[in-house]
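A.B. asks: Counting along the sequence shown from 1, when you hit position 108 you're at 108 in the UniProt record's numbering, and nothing is skipped either side.
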Amino acid sequence: MKPLLRIYDIARTAQRYILLPEGDDPRIQRAAVRAVREGLARVTLLGDPSVLRPALEELGAGGLVGIIDPDRADDIDELVREYHRLRAHKGVSLQQARAGVADPMIQAALRVRLGQADGTVGGASHTTSQTLRAALQLIGPASGVSVVSSFFLMLSCETRAAVKGGMIFADCGLNVLPDAGELASIARASAVTCRQLLNEEPRVAMLSFSTAGSAEHASLGRIRQAVSMIREAEPDLEIDGELQFDAAIDDAVRKHKAPMSRLSARPNVFIFPDLASGNIGYKIAQRLGGLDAIGPILQGLALPANDLSRGCSVDDVLAAIAITAVQAASAGTVQARRSISSRM
């Protein structure tokens, strides 16, 4: 089964509540309707009901998608108190907390934290920094995770891609120059993501310009240290590095360049040494290699919150909704305590 279809099937079984804070965006509206009609999730939009109801009715989905008026919901005071409690140590006053809750990204993250939704997806009309700030400040990293990171789910397009199947590329969108401990955390989180989304045991390649000591440079130390840290923490995890990309992707090249490699087959998780190489790498794979790139998706948060590109399509939003639902289900989070669709 194709990886994305499998993700959709898991989402249908999980039936999680997903909150979309940018309800006024037509792409978000169409994706929400599709998600509900295809049974991927139960979806609620943040936005003005007087605008959203006619828009949803025009899409033939009146009553299918929940709506919350972010300015007049009956639990605004509860959200303000929670925001103030979480940010008072940073000097946020009660008045500033009330103003902050008016931000849909902040309000969505708070509602996820309070158990009203299982996850949130935003960024269609907000910057990545706005989306990430709300998630990091109000949801925070999962227990035992030292750094929140991002990944792209790279999927082969049968008519173009030389490599078939799915792969995880990380970190291509968040951490600029991770140290050894952060690289190890990114790799371990990506291994979990591989199991969740690809239903495969992870085979992790730590990428570099060097293969098995073929070059020497101070920058290689953190990659080698990260591999040692991972092997100590998870001795059963299949991981190797440092590896050049050709040695990682091609079994014959790897056997020649790194005959002692511990990888049993082509990797399905690729960890880039820094943001520059990761961002460039996924775009080359997408534009020249014929792979579809879904993301960036966040990993390592206590509860799922994901970012969209402002240039996203309806299909991109739909995939993000499904992945967010799978993340919530795979993490073993308790399903949202109550429906939020009636909170006007």
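The beta-carbon is built from N, C-alpha and C at its ideal position, and this holds for glycine as well.
#1: Using CA coordinates, which residue listed in V145, K164 and S214 is at the minimum distance from S190?
#2: Between R16 and A32, is the Cβ-Cβ spacing less than 7 Å?
#3: Roughly how far, in whole angstroms, is the beta-carbon of N175 from the beta-carbon of I168, given that I think they are within contact range, below 8 Å?
#4: What are the start and end residues of each continuous beta strand (DSSP E) run of 3 or more residues lying completely inside the region 88–175, in chain order?
#5: Give me, in chain order, the residues of the same chain whose beta-carbon lies closer than 8 Å to that of L275; leave out the 5 immediate sequence neighbours on both sides.
#6: Classify R42 as helix, strand or coil using the three-state DSSP reduction.
#7: Evaluate V51 with the Cβ neighbour count: other Cβ atoms within 10 Å of its Cβ, from every protein chain shown; 16 or more gives buried, anything less gives exposed.
#8: By Cβ distance, which residues of its chain are closer than 8 Å to E78, with the 5 residues on each side in sequence left out?
#9: How about A212 and A258: do their beta carbons lie closer than 7 Å?
#10: Measuring alpha carbon to alpha carbon, tell me which residue in R98, L5, S150 and L197 is nearest E182.
#11: Which term fits residue 359, buried or exposed, when burial requires 16 or more other beta carbons within 10 angstroms of its beta carbon?
#12: For residue 354, I'd like the list of residues in its chain whose CB is within less than 7 Å of its CB, leaving aside the five on either flank, ordered along the chain.
#13: Given Q286, which residues of its chain have a CB within under 8 Å of its CB, disregarding the five upstream and five downstream residues?
#14: Between the C-alpha atoms of S313 and A329, what's the straight-line distance to the nearest angstrom?
#15: If contacts are defined as beta-carbon pairs under 8 Å, then I139 and A305 qualify, I think. What distance do you get, rounded to the angstrom?
#16: Taking 7 Å as the limit between beta carbons, can you name the residues of its chain near T128, skipping five residues before and five after?
#17: Measure how close the beta-carbons of A134 and A109 come, nearest whole angstrom, since I'm counting them as under 8 Å.
#18: Once you ignore the five residues that flank residue 354 on each side, which residues in its own chain have a CB closer than 6 Å to its CB?
#19: Which residues bound the beta strand (DSSP E) around M260?
#20: Output the boundary residues of the beta strand (DSSP E) element that contains P296.
#21: On the criterion of 16 or more Cβ atoms from any shown chain inside 10 Å, does S156 qualify as buried, or is it exposed?
#22: Kindly identify the DSSP beta-bridge partner or partners of E238.
#23: Return the CA-CA distance between R266 and L86, expressed in angstroms with no decimal places.
#24: What are the residues that DSSP puts in a beta bridge with D307?
#25: State the DSSP-derived secondary structure class of F245, mapped to helix, strand or coil.
#26: Any idea what DSSP makes of V269, helix, strand or coil?
#27: I need the straight-line Cα distance from A117 to S261, nearest angstrom please.
#28: Do you know whose CA, among G39, A55, A184 and D24, lies nearest L46's CA?
#29: Report the rounded CA-to-CA distance for L298 versus V148, giving the unit in angstroms.
#30: Just to confirm before moving on: does the CB-CB distance between L318 and A35 stay below 7 Å?
#31: Would you report the Cα separation of R30 and L59, rounded to the nearest angstrom?
#32: Taking the alpha-carbon of A184 as reference, which of G165, G91 and E234 has the nearest alpha-carbon?
#33: Is it buried or exposed for E22, if we count other Cβ within 10 angstroms and need 16 for buried?
C.D. replies: In terms of the structure at hand:
#1: V145
#2: no
#3: Not a contact, Cβ separation roughly 15 Å.
#4: 119–122, 149–156 and 166–170
#5: D171, C172, G173, L174, N175, V176 and L177
#6: strand
#7: exposed
#8: L114
#9: yes
#10: S150
#11: In the structure as shown, the chain begins at 1 and stops at 344. Residue 359 is therefore absent and cannot be evaluated.
#12: With the chain covering only 1 through 344, there is no way to say anything about residue 354.
#13: M154, D292 and A293
#14: 25 Å
#15: 6 Å
#16: D307
#17: 4 Å
#18: With the chain represented from 1 up to 344, any question about residue 354 goes unanswered, as that position is not in the structure.
#19: Taken as a continuous stretch (DSSP letters only), M260 belongs to no beta strand (DSSP E), as it is neither H nor E.
#20: L291 to Q299
#21: buried
#22: R203
#23: 44 Å
#24: G122
#25: helix
#26: strand
#27: 44 Å
#28: D24
#29: 7 Å
#30: yes
#31: 7 Å
#32: E234
#33: buried
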